[in-house]
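Presented below is the structure to which this report refers.
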Amino acid sequence: MSVAETIKAAREALGMTQEDLAEKLEVSRQAVSKWELGASVPSPENLELLANVLRVVFPEEECKKEEECKKEEECKKKECKKGEKPFRWKDAWIILGILLLAAFLSIGMYWAINGESSSNTPALTGVYWFTEDGTTLRPDLGDGWCSFEVGSRVLLVTTFENGEEITVNAVAIYLTPTGTETFDQREQLAVQGVPDGREFALFALDIPEGLMGHLEIVLECSGGESVDKMVNITSVS
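966 is the number of the first residue of the sequence shown in our numbering; add one for each residue after it.
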């Protein structure tokens, strides 16, 4: 028997009306009526009182089942979606934790990227070639080599930016012939000091016949730091 059927049968067996039972339990007659109709389920306290007054035993599992059914009906009345779970603070904290973790990761990536772009180490920002009269040269052959006419004089302009604390003191250029795997034939072609506030260096190069080598541009910085860039150059007739 269900809880509702048990209450009604026990009350009638004792010759009690709904009003009599309600008075003994100090509840309204309407509450007793709803219990017997199965429209509501007595609270655990009222179930205990009913068991004493009606001298019956309510199966614990049956009470739990009816309580769950009642909650399901209330959920349907509130137009709960199928499969929707009730709000729980535990779920809310888990979601909040995920959002915070995502935010911290985004901040970490932002500082990592900006930390690289605002490095304390100076950076070489450009290498440009010009003729003596200032005409821009585009000597790149497309295969990583820059070619110049034999006997011509070209101007090499290299630009750079200083670090937050480390600055560029001088710019030097070195030439190493191709085919060598050591620096035995590495030759310094020129070096130029850099005044405070200036972020470029200008060199004039005479292109000899048979030139083919690796031109190394080196930023000599404060604190013994150095930054270099390699450019392949060759002469053509």
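For each residue, glycine too, the CB sits at the ideal point set by N, CA and C.
Can you grab the Cα-Cα spacing for the pair residue i / residue j, in whole Å?
i: Glu988; j: Ala1016; result: 15 Å
i: Ser1191; j: Tyr1093; result: 20 Å
i: Asp1171; j: Gly1116; result: 7 Å
i: Thr1132; j: Glu1114; result: 35 Å
i: Glu1081; j: Lys1194; result: Bear in mind that the predicted position of Glu1081 carries a pLDDT of just 47, short of 50, making it unreliable; the figure below should be weighed with that in mind. Going from the Cα of Glu1081 to the Cα of Lys1194 covers about 18 Å.
i: Val1119; j: Ser1200; result: 12 Å
i: Glu1181; j: Val1196; result: 6 Å
i: Val1021; j: Thr971; result: 8 Å
i: Phe1095; j: Glu1152; result: 23 Å
i: Val1183; j: Leu1167; result: 13 Å
i: Gly1189; j: Val1156; result: 16 Å
i: Trp1000; j: Ser1008; result: 10 Å
i: Leu1121; j: Glu1097; result: 10 Å
i: Met981; j: Arg994; result: 12 Å
i: Arg976; j: Glu1010; result: 18 Å
i: Thr1143; j: Leu1154; result: 16 Å
i: Leu1176; j: Gln1150; result: 14 Å
i: Ala1004; j: Leu979; result: 23 Å
Can you pull the DSSP bridge partners for residue i?
i: Ile1182; result: Ile1138, Lys1194
i: Gln1153; result: Tyr1139
i: Gly1144; result: None, per the DSSP bridge assignment.
i: Thr1201; result: The sequence given here has Val at residue 1201, not Thr. Paired residue(s): Glu1114.
i: Thr954; result: In the structure displayed, the chain extends from 966 to 1202; residue 954 sits before or after that span and is not available.
i: Gly1158; result: Ala1135
Tell me which residue opens and which closes the beta strand (DSSP E) that residue i is part of.
i: Arg1118; result: 1118–1126
i: Thr1096; result: 1088–1096
i: Ala1167; result: A small correction: the amino acid at residue 1167 is Leu; Ala does not occupy that position in the sequence shown. Run containing Leu1167: 1165–1171, per the beta strand (DSSP E) assignment.
State the start and end residues of the unbroken alpha helix (DSSP H) segment that holds residue i.
i: Asp985; result: 983–990
i: Glu970; result: 968–978
i: Glu1010; result: 1009–1019
i: Ala996; result: 994–1002
Less than 7 Å separating the Cβ of residue i from some heavy atom of the ligand SAM?
i: Asp1193; result: With respect to the ligand SAM, the structure shown offers nothing to examine, as it has no ligands at all.
request  = Say whether the stretch 1102–1112 touches the stretch 1151–1171, bearing in mind that this needs 3 or more beta-carbon pairs closer than 8 Å, one atom from each stretch.
outcome  = Touching, no, given that fewer than three Cβ pairs across the two stretches are closer than 8 Å.
ask   = Any contact of the stretch 1088–1108 with the stretch 1120–1130, i.e. 3+ C-beta pairs under 8 Å?
value = As far as the Cβ criterion goes, the stretch 1088–1108 touches the stretch 1120–1130, which means the pair count is three or higher.
message = Check whether the stretch 1134–1143 and the stretch 1094–1103 touch, using three or more Cβ-Cβ pairs below 8 Å as the test.
response = By the Cβ test, the stretch 1134–1143 is not in contact with the stretch 1094–1103, since fewer than three Cβ pairs between them sit closer than 8 Å.
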